[in-house]
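Peer 1: Per my numbering, residue -3 is the first one in the sequence shown, and the count goes up by one each step.
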Amino acid sequence: MVAQDGGGRLVVEGLEKHYELDGAEVPVVKGVTFTIEPGKFYSLLGPSGCGKTTTLRCVAGLENSNGGRILLDDKVLSTGTEHVSPDKRDVGMVFQNYAIWPHMTVFANAVFPLQVASGRLPKKEARKRAMEALELVQLDSFAHRPATALSGGQQQRLALARALAHRPRLLLLDEPLSNLDAKLRDTMRSELRSLQQRLGITALYVTHDQSEALSMSDRVAVMHEGRIVQEAAPRDLYYQPADRFVADFVGRVNMIPAVVRDRSANGDALVEAFGTRMVTPCPSGVGTGGDVTITFRPESVRWHETAPDRPNVFPARVARVEFLGEIVEYEADVLSGQTVVGSLVARGAPLNSPAAGDTIFIELAPHACRVLAA
-3 MVAQDGGGRL VVEGLEKHYE LDGAEVPVVK GVTFTIEPGK FYSLLGPSGC GKTTTLRCVA
57 GLENSNGGRI LLDDKVLSTG TEHVSPDKRD VGMVFQNYAI WPHMTVFANA VFPLQVASGR
117 LPKKEARKRA MEALELVQLD SFAHRPATAL SGGQQQRLAL ARALAHRPRL LLLDEPLSNL
177 DAKLRDTMRS ELRSLQQRLG ITALYVTHDQ SEALSMSDRV AVMHEGRIVQ EAAPRDLYYQ
237 PADRFVADFV GRVNMIPAVV RDRSANGDAL VEAFGTRMVT PCPSGVGTGG DVTITFRPES
297 VRWHETAPDR PNVFPARVAR VEFLGEIVEY EADVLSGQTV VGSLVARGAP LNSPAAGDTI
357 FIELAPHACR VLAA
């Protein structure tokens, strides 16, 4: 097995990056700051063009930043004016397209970076490390096979082995699973996270896939237009989004316009939504009379054939039911008498779902709702 000394501590402070376009500066990364503690898995999540890959490339040294600092274990890698070259940063990187050399064998791909690196290892030690890395990703028996004879999942593993062979303090991963089919992507996601935890290596992962970020990470930073708009543990990010962008980008969500009518001492609010009153936790900075948005996840919705004696229960009519395999998604129109006053999307188990046209009662548990200022 590959021996690891543990992961490094990455600190990014006020990172700035811009490009020149038609004589003007176009900012891409705008004051990004975050810290990854040793051995942790940290994801930058966001849509295309948000600056996440540029941030990763600045950490790798493939892009020169225009401001801020990047440090790995207190070693300064970048200051905006000074830059340590990529080969001296003690990082390993896995690219989106794997960057496998097609004319080489599996072993040759794994050992090549050790052979060309500054301060090259003796041939015997380089071979030993390359084979250990291949064994780690279960490719040691394929060492003499042409790299082009590997499947997509095996090529992804080879790219990972190559990145790990020199035992870096930091592993950088730029959407490495995006070219795999859905089932293999799920398998490799689990294997990659398990491997990272076993090695204790620090990992910075870039993705636009919220499922990847939430399932693999210790912490996730959501980026939008060059900035981090929220950083949190996956569960907190999902259930306590900081704003409408995060709520909408990180998974399926319902957003209902509402007005705060009253506040209680325990932090709950009485809000008017769906033409009636409902109870929900509410941030301290939101006053009575204010327009807000109530967010809740489709899987937080419960339905009943008769109305339970609990808060936040509304009559509704099922407008649409869609079978998705492991879950059923349905759209329900909330009723006031016979008038539709709103709609929502819910998800539940296939064996316990209403049918289109059913009149049901929707329940939204107060703790499952979150109030966002307008």
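Just so you know, even glycine gets a beta-carbon here, dropped at the ideal spot from N, CA and C.
I need the DSSP call for residue 168, collapsed to helix, strand or coil.
Peer 2: Strand.
Peer 1: What residue does the beta strand (DSSP E) around residue 38 start on, and which one ends it?
Peer 2: First-last of the beta strand (DSSP E) with residue 38: 37 to 41.
Peer 1: Taking a contact to mean a Cβ-Cβ separation below 8 Å, would you say residue 197 touches residue 154 in this structure?
Peer 2: Their beta carbons are not under 8 Å apart, which means residue 197 does not touch residue 154 by this criterion.
Peer 1: Go through its chain and collect everything with a Cβ distance to residue 176's Cβ below 8 Å, but skip five positions before and after it.
Peer 2: Within the same chain, residue 176 has close Cβ partners 148, 149, 152, 184.
Peer 1: Which residues mark the beginning and the end of the alpha helix (DSSP H) in which residue 375 is found?
Peer 2: For the chain, the structure presents residues -3 to 370; residue 375 sits outside this window and is missing.
Peer 1: Using a Cβ-Cβ cut-off of 7 Å (strictly less than) and excluding sequence neighbours within five positions of residue 174, which residues of its own chain qualify?
Peer 2: Contacts found: 92.
Peer 1: Just to check my reading of the structure: residue 46 and residue 283 have Cβ atoms closer than 8 Å, yes? What is that Cβ distance to the nearest angstrom?
Peer 2: Not quite, the Cβ-Cβ distance comes to about 32 Å (not below 8 Å), so this is no contact.
Peer 1: With hydrogens ignored, establish whether the beta-carbon of residue 75 is closer than 7 Å to any heavy atom of the ligand GDP.
Peer 2: The ligand content of the structure shown is nil, which means the ligand GDP is not present either.
Peer 1: Between the region 217 to 234 and the region 16 to 31, do at least 3 Cβ pairs fall closer than 8 Å?
Peer 2: Short answer: they touch.
Peer 1: If we ignore side chains and look at the alpha-carbon of each, how far apart do residue 161 and residue 31 end up?
Peer 2: Rounded to the nearest angstrom, the two C-alpha atoms are 25 Å apart.
Peer 1: Helix, strand or coil for residue 23 per DSSP?
Peer 2: Residue state, collapsed to three classes: strand.
Peer 1: In chain order, what residues of the same chain have a beta carbon less than 7 Å from the beta carbon of residue 327, not counting five sequence neighbours either side?
Peer 2: Closer than 7 Å at Cβ, skipping near neighbours: 315, 316, 339, 341.
Peer 1: Could you check which residue in 19, 367, 349 has the C-alpha nearest to that of residue 240?
Peer 2: Among 19, 367, 349, the Cα nearest to that of residue 240 is on 367.
Peer 1: According to the neighbour-count rule (16 or more other Cβ atoms, all chains shown, within 10 Å of its Cβ), is residue 170 buried or exposed?
Peer 2: Result: buried.
Peer 1: Are residue 291 and residue 237 close, meaning C-beta to C-beta below 8 Å?
Peer 2: Yes, these two residues count as a Cβ contact at 8 Å.
Peer 1: Are the CB atoms of residue 129 and residue 89 within a distance shorter than 8 Å?
Peer 2: Not in contact: residue 89 and residue 129 (Cβ atoms no closer than 8 Å).
Peer 1: Compute the beta-carbon to beta-carbon distance between residue 285 and residue 256, rounded to the nearest angstrom, for a pair I have assumed lies under 8 Å.
Peer 2: With 8 Å as the limit, residue 285 and residue 256 qualify as a contact, their Cβ atoms being about 7 Å apart.
Peer 1: Buried or exposed: where does residue -3 fall if 16 or more other Cβ atoms within 10 Å of its Cβ makes it buried?
Peer 2: Below a pLDDT of 50, predicted positions are generally treated as unreliable, and residue -3, at 43, falls in that range; the measurement from the model is reported next regardless. So residue -3 ends up on the exposed side.
Peer 1: When DSSP labels each residue in this structure, what does residue 270 get in the three-state scheme?
Peer 2: Coil, per DSSP.
Peer 1: Going by the CB atoms, is the gap between residue 312 and residue 289 shorter than 8 Å?
Peer 2: Against a cut-off of 8 Å, the Cβ pair of residue 312 and residue 289 comes out as no contact.
Peer 1: Hey, how far is the Cα of residue 370 from the Cα of residue 308?
Peer 2: Taking the straight line joining both Cα atoms gives about 21 Å.
Peer 1: Can you find the residues in the same chain that come closer than 6 Å, C-beta to C-beta, to residue -1, ignoring five residues on each side of it along the sequence?
Peer 2: Because the pLDDT of residue -1 is 43, which lies under 50, any placement of that residue in the model is unreliable, and the question is left without a value.
Peer 1: Any idea what DSSP makes of residue 5, helix, strand or coil?
Peer 2: Of the three classes helix, strand and coil, the one that applies to residue 5 here is coil, per DSSP.
Peer 1: Assuming contact is defined by CB atoms lying nearer than 8 Å, are residue 146 and residue 107 in contact in what I supplied?
Peer 2: Not a contact, by the Cβ cut-off of 8 Å.
Peer 1: State the CB to CB distance for the pair residue 86 and residue 5, rounded to an integer number of angstroms; the pair is presumed to be in contact (CB under 8 Å).
Peer 2: Residue 86 to residue 5, Cβ: 12 Å. No contact.
Peer 1: Who are residue 251's beta bridge partners in DSSP?
Peer 2: 291.
Peer 1: Would you give the residue range spanned by the alpha helix (DSSP H) that residue 201 belongs to?
Peer 2: Not the alpha helix (DSSP H): residue 201 falls in the beta strand (DSSP E), residues 198 to 203.
Peer 1: What's the C-alpha gap between residue 3 and residue 94?
Peer 2: If I take the Cα positions, the gap works out to 22 Å.
Peer 1: Identify the continuous beta strand (DSSP E) that holds residue 317 and give its terminal residues.
Peer 2: It spans 309 to 319 - the beta strand (DSSP E) in which residue 317 sits, taken as one unbroken run.
Peer 1: Would you report the Cα separation of residue 41 and residue 132, rounded to the nearest angstrom?
Peer 2: Taking the straight line joining both Cα atoms gives about 27 Å.
Peer 1: Which same chain residues, not among the five before or five after residue 323, have their C-beta less than 6 Å away from its C-beta?
Peer 2: Excluding positions up to five away in sequence, the list reads 343.
Peer 1: DSSP three-state call for residue 212: helix, strand or coil?
Peer 2: Helix at residue 212.
Peer 1: Could you give the uninterrupted runs of the alpha helix (DSSP H) lying entirely in the region 45 to 128, keeping only those of 4 residues or more?
Peer 2: DSSP runs (the alpha helix (DSSP H)) wholly in the region 45 to 128: 48 to 56, 102 to 112.
Peer 1: Just curious, the alpha helix (DSSP H) that residue 245 is in, first and last residue?
Peer 2: Counting along the chain, the alpha helix (DSSP H) containing residue 245 begins and ends at 240 to 245.
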